[in-house]
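*Asks:* Structure incoming, see below.
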Amino acid sequence: MSVVSAELLRDLQRQAQLVVADLRDQARSVPGLKARLDEMYGTARAAKRTGEGPTAWLDDQCEQAASSWVVACAFIRFCEDNDLTGHRWIASRNAEGHATSEAADAEEAWIAANPRLNAREWLREAFRWLRSTRAGHALLPDTDFVWWWDISADRADALIDAFRRRDEDGVRLVHDFHSESLDTRFLGDLYQDLSVHVQEKYALLQTPVFVEEFILDQTLTPALERFDLAELKLIDPTCGSGHFLLGAFDRLLDEWLRLEPGTDPRVRVQHALDSVHGVDINPAATAITKFRLMVAALRACRATRLDALDTPELRLNVGTGDSLIYGGGASGGRQTEINVEGMLWGDKQDEDEAEKADPLAYHLYGWEDLDQFPCILDYGRYHVVVGNPPYIQVKDKALNQAYRDRYGYCHRKYALSVPFAELFFRLAVKDDSEPGYVGQITANSFMKREFGKKIIEEFFAIKVDLTHVIDTSGAYIPGHGTPTVILIGKNRDRNRPTTVRAVLGVRGEPAQPADPSRGKVWRSIVENVDLDQRELPCGTAYITVTDLDRARLSGHPWSLSGGGADTLKETIESARDLTLGSQILRIGFYGVMGTDDAMTAPARIFIREHVEGDFHQRLVLGDEVRDFDTKPGGHAFHPYDNTKSLVSLTDDAPLHARRLWPLRTELGNRATFSKRTYFAEGRPWYEWHQLPKDEGAHTWSIAFAEVATHNHFVLDRGGKVFKQTAPVIKLKAKATEDDHLRLLGLLNSSTACFWLKEVSQDKPSNGVKRGLESEKWTVRFQYGSTKVSEFPLPTDFPGERARLLDDLARELAYVTPTALCAGALPTRDALNSARDRYAEIRARMISVQEELDWEVYRLYGILEEDLTYDGDDLPGLTLGQRAFEIVLGRQVEAGETETAWFERHRSTMRTDLPAHWPEAYKELVRRRIDFISNKPLLHLVERPECKRRWAAEPYETARAAALRDWLLDRLEDPRLWSDRNGDPRALSVAQLADLVRLDEDFRQVLDLYVGTPDHDLTASLAALLKDEQVPFLAAYRYKESGLRKRAEWEQVWELQRQEDAWEAAHARHQERWLKEQIPIPETGPGSEAERPAPIRVPPKYGSADFLPGFWRHRGKLDVAKERFIGYPGAERDGDTSPVYGWAGWDHLQQATALANLVAERGLTGERVIPLLAGVAELEPWLHQWHNEYDAENGDVPAEYFSGWLRDRLAEHELTRQDLATWRPPASARGARSRKSAKNTQSTDEKGN
């Protein structure tokens, strides 16, 4: 069976995206469909089901509908290839697996008999057959997208062709769906990966069979022993593609066979189906679940045809809708017991009144059908509730609030794991003696992050009976990038045992197992979780199994670390004299901009735009806080004076105002704390979202990396601002340097690293498919301010070593390649000398940090002995020479462990002590090694996950980056991009090479960068500039989705200009009233009657909206941060090198450069269109910023270029529509061939 092939997935993903584009076209062009979708959106907005804009909302539905069309076709293909029907619609094969023309012939005959119909209706014929069968009647209900959202006939043809495609020999179908065992798991793969958009939005993720089986073992198996089989009910309220339901169906069927072996198999099958229930928000998911259950039921009945007379009529309890919204409903899946303003609406309350009170509880999208499944989400109904709920945070603000309103334990920036945890237990039977069983694998983020406090302390601790808490973060679970925990429990708040079975993590999988179900961590869990209490605690190298006092799990945060970690944590805390929070003024973010893309940029951007320098400052990100220093980075708009008071944008920073003007609607519609907007509250639209005044605070800060594998704290002595990812610790104004350094030393110690990891949440590194984090030192943690403030402080501090590390870090910063290139002309000798000094200082820092760590062990009582070095000949250390690394190296050599530590950090593994060390230091390190090997608590902290990594990029890499920046900065010299008259000029790379050829400094640095003086100057410049440019024209920058968004932004800018015009007119009326008492007119420009309506916020861009290479320069608000402008198609005759301009030009200069290119090149035909289109795109900005008389040139620039453009259009017999609809050829866009805007595009081309 080849259906699980990557080729099938790729083909269907591509088809789905083409269908998405087609459906979007239909939504725009078919009046009835457009009206229906508009009504759906309006109703959803009114019910507060969504807060998304219409474009984003429609994009979501297009993706869902496309998935439904493709999945429905896959159903038909499976039925065809497995002879579940005698008909053939889409494709056909014979018994030998050879492709036949039967399906194509049938379609041709049907079209001939129905000439007014097309391939779309032929597909619907197949879908009608499927739901007309006795077994399949539950499939593809009237609410399914395939019935009411048409795809075009061309797209239907293409979709059929994709399934009919044959191999190169024309003998077999490329995609054969035949399966001897009727295996449908491939549909789960399809559900998860068909649409990247849907996958990311809804966090689609299949549950591996071995996880599903384990959870069913802990829930359904005991439930079968306790409850009457005929009455037993199970639900997965997040059923996805149905893995839990299929597993439960098989077990229930086996139990029916055991109890009633003589009953008709078809009756037993329906009994089992009656017990199984599922709900999912994704209509493609529920369709797949129903289809898979149908096939499983047919297989169990030994039925061979869906349309045979003896095939049973199957009832399936699987509905489509949002479980979180409709959970608790007593009728039609709707929540009918809702407390609104003190009134309790019950079943007898008039439905209209109930709907008015809570319209969301009665809202259903057109593709949802929960009203057809009465009571499916009633609380207390199910004996078993299982599932794998999504773990993401809800970005849609309206939906986020709707969940928060319905689930009282949603706290702060909650993840969906919280409301689903509550829902799972609520759905289970509540009974003190025989409660329902609940099992779920969910994200463990609630255990340590602040949003989990209420669900732990007010729900798990009081309302329900948790029976098992199983740390699965170390197990290899395919596809699960988020660290997880399995929770098993019962829905009762009385008769609860005093202990909870806990599986605590010790270490992760040493390597990715070939069979994840046989992974060492997973097998340790399975084989030990059910041990008799008398055998506990027990453990393996990977887990510890114990029964924890329930009271220990009643407070937040939870720590599920085994192997003695709890004892070490208690040791550290027992040495506490004070906490960090008690010794500082505050800890938290420096400030919140509220829109980083708008307010941040490289410093060179602010400088080249000549904006007011007082109002942008160096911005430090969390990733830039490393090893007692902050790395070079960007700047942020900071419209505040020295007292952090907001300045006037128009009076104090007019050039910043001009720079931010295109983003005014976006910035002014940011949400405030009262959930209104800046505009609605009258807040200045340009201010930071939040900026603490820090009155009474010291001007210095201790900043730290909020998310990192290890702890990084740095002392900043002022002049910087910090992003939320780099929170700050502020001491009181009277604090001394020593006060700061004492804390700095403790916080950067390995002891602090251990403690912070115990109380902090780990984070996945690569999204939903990060795979295996095999070594704990590779796992990033989120060191939240609240947790850091609770760090216990001992009575003494490592102040002197902290001071030395701080001094060395500042000295190190002066010998980095970046610092060297910024200070003088970089030469080979200077760079080599700096490299040697850098290595010397860094070795010294590693050595001093090691001493600091061992000093801190004694301060916290982890060691009684003083194992620090007191000689004045302390040697510098390279990575691999620290005591714990030598221990680790010996373990690797002995075959006791495997690690990537040495390889990842480019260090040499060693098992002996360096000969050049002083004898006293050698003896000390021998003692340290002995203590690490023989003291279990010390071993927990003297290991890679707690020891500083010193993971700086190689010096040569930093050197190359610094030289590259020096060269690019030099190439941004405005004089290069101006002719003798000072007018802007675009240059080919060859022309640019001629200009810099005589610049000896430039050539010297370029030779250093390239590595040899023997290189082609033009080729080297071309390589340097290639990734630093963005084309001048929107059609060259965006994909079709981006062009649609760009059109919405252009509309917003036009509306903002109208706002400005009204404001100016209104201000003139007010001035006349104040000076001359002339009343403000009731109508006309500037009157209240003509006040512009609020502007809808345009959609943000995503990386998928840009053609390759441009997203990194623009971001989600399309803010230009590139160095150069590209002019594809403007190459000179005889010079094929690319043409560039300077991105520091204003709109007038850009227009001038384009006009000069048109004149100089003498372009005609297709080549002139994009250049003229570029001028047309600039025209509104010319009229906005360059609409005053220019005495030097004797004209108004905006009017001049409008006239120039009219003349060129007439000269080349073009219209403005030609310019607006022009699209570049495939070679320029990196796409398939596309005709010009004057020609008709095929459906395939529209989808690219």
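Position one of the sequence shown corresponds to residue 7 (this note's numbering), numbered consecutively onward. Each residue gets a CB set at the ideal place from its N, CA and C atoms; glycine is no exception. Because the structure is a prediction, the values reported are computed rather than measured.
1. Do you know how far the Cα of Arg723 is from the Cα of Gly619?
2. Per the contact definition of three or more C-beta pairs closer than 8 Å, is the region 1173-1184 in contact with the region 1210-1227?
3. Entirely within the region 698-774 and at least 4 residues each: give me those alpha helix (DSSP H) ranges in chain order.
4. When DSSP labels each residue in this structure, what does Cys544 get in the three-state scheme?
5. Among residues of its own chain, excluding the 5 on either side of Ala849, which ones have a beta-carbon nearer than 7 Å to its beta-carbon?
6. Where do the ends of the beta strand (DSSP E) carrying Arg624 lie?
7. Judging by CA-CA distance, which residue of Lys782, Arg676, Tyr863, Thr490 is the nearest neighbour of Thr757?
8. Using the rule of at least 16 other Cβ atoms within 10 Å of the residue's Cβ for burial, across every protein chain shown, is Tyr415 buried or exposed?
9. Pro380 to His389, Cα distance in whole Å?
10. Could you tell me the alpha carbon to alpha carbon distance between Ala642 and Val821, rounded to whole angstroms?
11. Can you tell me where the alpha helix (DSSP H) with Thr614 in it begins and where it stops?
12. By a C-beta neighbour count over all protein chains shown, 10 Å radius and 16 as the cutoff for buried, is Lys454 buried or exposed?
13. Would you mind giving the Cβ-Cβ distance between Leu6 and Asp812, rounded to the nearest angstrom? I have them listed as a contact below 8 Å.
14. Between the Cα of Pro484 and the Cα atoms of Asp521, Ile494, Val475, which residue gives the shortest distance?
15. State buried or exposed for Tyr1195, treating a residue as buried only when at least 16 other CB atoms are found within 10 Å of its CB.
16. Can we say the region 1043-1052 touches the region 1093-1110, given the rule of at least three CB pairs closer than 8 Å?
17. Taking Cβ positions, are Ala53 and Leu376 nearer each other than 8 Å?
18. From the DSSP output, which residues share a beta bridge with Ala642?
19. What is the DSSP secondary structure of Leu14, counted as helix, strand or coil?
20. Where does Asn406 fall in DSSP's three states?
21. Assign Val491 to buried or exposed, taking buried as 16 or more other Cβ atoms, counted over all protein chains shown, within 10 Å of its Cβ.
22. Nearest-angstrom Cα distance between Leu1160 and Leu1188?
23. In the DSSP output, what is Asn323 paired with across the bridge?
24. Just to confirm my understanding: we take Pro147, look at its own chain, exclude 5 residues before and 5 after, and list those with CB closer than 6 Å. What are they?
25. Within this structure, are the beta carbons of Leu566 and Gly487 separated by less than 8 Å?
26. Whose C-beta lies closer than 6 Å to the C-beta of Leu238 among residues of the same chain, with five residues either side of it excluded?
27. Which whole-angstrom value describes the C-beta separation of Thr317 and Arg311, a residue pair presumed to lie in contact below a C-beta threshold of 8 Å?
28. Please report the straight-line C-alpha distance between Thr671 and Leu200, rounded to a whole angstrom.
29. According to the neighbour-count rule (16 or more other Cβ atoms, all chains shown, within 10 Å of its Cβ), is Tyr684 buried or exposed?
30. So who's on the other strand from Ser984, going by DSSP bridges?
31. Output the boundary residues of the beta strand (DSSP E) element that contains Tyr443.
32. Taking three-plus beta-carbon pairs below 8 Å as touching, is the region 1067-1085 in contact with the region 1113-1127?
33. In whole angstroms, what is the alpha-carbon distance linking Ser185 and Leu196?
34. So which of Lys460, His1218, Asp1005, Lys1127 has the shortest CA-CA distance to Leu1169?
35. Let me make sure I understand the geometry here. Which of Ala144, Gly901, Leu858, Thr448 has the alpha-carbon closest to that of Arg888?
36. With a cut-off of 8 Å, do at least 3 Cβ pairs link the region 690-698 to the region 644-652?
*Replies:* Well, looking at it:
1. Stepping through the sequence shown from its first residue, residue 619 is reached at position 613. Stepping through the sequence shown from its first residue, residue 723 is reached at position 717. Near 20 Å, if we compare the C-alpha coordinates of Arg723 and Gly619.
2. With a cut-off of 8 Å on Cβ pairs, the region 1210-1227 is in contact with the region 1173-1184, counting three or more such pairs.
3. The region 698-774 contains, as complete alpha helix (DSSP H) runs of 4+ residues, the segments 743-753, 756-765 (chain order).
4. In the sequence shown, the residue the question calls residue 544 occupies position 538. Cys544 sits in a strand when the DSSP states are folded into three classes.
5. On the sequence shown, position 843 is the one that residue 849 refers to. For Ala849, where only same-chain residues beyond five positions count, the Cβ hits under 7 Å are Gly882, Leu883, Thr884.
6. For the purposes of this step, residue 624 is taken as the residue at position 618 of the sequence shown. Counting along the chain, the unbroken beta strand (DSSP E) around Arg624 starts and ends at 622-626.
7. As a first step, residue 757 is located in the sequence shown; it is residue number 751 there, counting from the start. Nearest to Thr757 by C-alpha distance, out of Lys782, Arg676, Tyr863, Thr490, is Tyr863.
8. Locating residue 415 in the sequence shown gives position 409, counting from the first residue. Buried, since its Cβ has 16 or more Cβ neighbours within 10 Å.
9. Within the sequence shown, numbered from 1, the residue matching residue 380 stands at position 374. Within the sequence shown, numbered from 1, the residue matching residue 389 stands at position 383. Going by the C-alpha atoms only, they are around 18 Å apart.
10. Here residue 642 refers to the residue found at position 636 of the sequence shown. Here residue 821 refers to the residue found at position 815 of the sequence shown. Those two C-alpha atoms are separated by around 26 Å.
11. For the purposes of this step, residue 614 is taken as the residue at position 608 of the sequence shown. First, the amino acid is wrong: residue 614 is Arg here, not Thr. Where Arg614 is concerned, the enclosing alpha helix (DSSP H) starts and stops at 609-614.
12. Numbered from its first residue, the sequence shown carries residue 454 at position 448. By the 10 Å Cβ count, Lys454 comes out buried.
13. The structure shown does not extend to residue 6, since the chain spans only 7 to 1254, so no value can be given for it.
14. As a working mapping, residue 484 is identified with position 478 in the sequence shown. Taking only the C-alpha atoms, the option nearest Pro484 is Asp521.
15. Here residue 1195 corresponds to residue number 1189 of the sequence shown, with the count starting at 1. With fewer than 16 other Cβ atoms within 10 Å, it is exposed.
16. Contact check between the region 1043-1052 and the region 1093-1110: three or more CB pairs, one atom from each, fall below 8 Å, which counts as touching.
17. Within the sequence shown, residue 53 is the residue found at index 47, counting from 1. Within the sequence shown, residue 376 is the residue found at index 370, counting from 1. No.
18. Locating residue 642 in the sequence shown gives position 636, counting from the first residue. BP columns for Ala642 point to Thr606, Gln623.
19. If you number the sequence shown from 1, residue 14 lands on position 8. Note: Leu14 maps to helix in three-state DSSP.
20. Residue mapping note: residue 406 aligns to position 400 of the sequence shown, counting from 1. DSSP, reduced to helix, strand and coil, places Asn406 within a helical segment of the structure shown.
21. Residue 491 sits at position 485 when you count from the first residue of the sequence shown. Counting C-beta atoms within 10 angstroms of its own C-beta, Val491 has 16 or more neighbours from the protein chains shown and is therefore classed as buried.
22. By 1-based counting over the sequence shown, the position of residue 1160 is 1154. By 1-based counting over the sequence shown, the position of residue 1188 is 1182. Their backbone Cα atoms lie some 14 Å apart in a straight line.
23. Against the sequence shown, residue 323 aligns to sequence position 317. His283.
24. As a position in the sequence shown, residue 147 is number 141, starting the count at 1. Closer than 6 Å at Cβ, skipping near neighbours: Asp375.
25. Start at 1 with the first residue of the sequence shown, and residue 566 comes out as number 560. Start at 1 with the first residue of the sequence shown, and residue 487 comes out as number 481. For Leu566 and Gly487, no; Cβs fall outside 8 Å.
26. On the sequence shown, position 232 is the one that residue 238 refers to. So the list reads Ser281, His389, once near-sequence residues are dropped.
27. Counting from one through the sequence shown, the residue named residue 317 turns up at place 311. Counting from one through the sequence shown, the residue named residue 311 turns up at place 305. Contact holds; Cβ gap of about 6 Å.
28. Your numbering for residue 671 matches position 665 in the sequence shown. Your numbering for residue 200 matches position 194 in the sequence shown. Per the coordinates, the alpha-carbon of Thr671 lies some 35 Å from the alpha-carbon of Leu200.
29. Position 678 of the sequence shown holds residue 684. With at least 16 other beta carbons inside 10 angstroms of its own, Tyr684 counts as buried.
30. On the sequence shown, position 978 is the one that residue 984 refers to. DSSP output for Ser984 lists Pro990 as bridge partner(s).
31. For the purposes of this step, residue 443 is taken as the residue at position 437 of the sequence shown. Note, Tyr443: beta strand (DSSP E), 443-449.
32. Taking 8 Å as the limit for Cβ pairs, the verdict is that the region 1113-1127 does not touch the region 1067-1085.
33. Taking the sequence shown and counting its residues from 1, the one referred to as residue 185 is at position 179. Taking the sequence shown and counting its residues from 1, the one referred to as residue 196 is at position 190. Going by the C-alpha atoms only, they are around 16 Å apart.
34. As a working note, residue 1169 is residue 1163 in the sequence shown. Ranking the options by Cα distance to Leu1169, first place goes to His1218.
35. Indexing the sequence shown from 1 puts residue 888 at position 882. Looking from the CA of Arg888, the closest CA among Ala144, Gly901, Leu858, Thr448 belongs to Leu858.
36. Three or more beta-carbon pairs separated by less than 8 Å link the region 690-698 to the region 644-652, which places the two stretches in contact.
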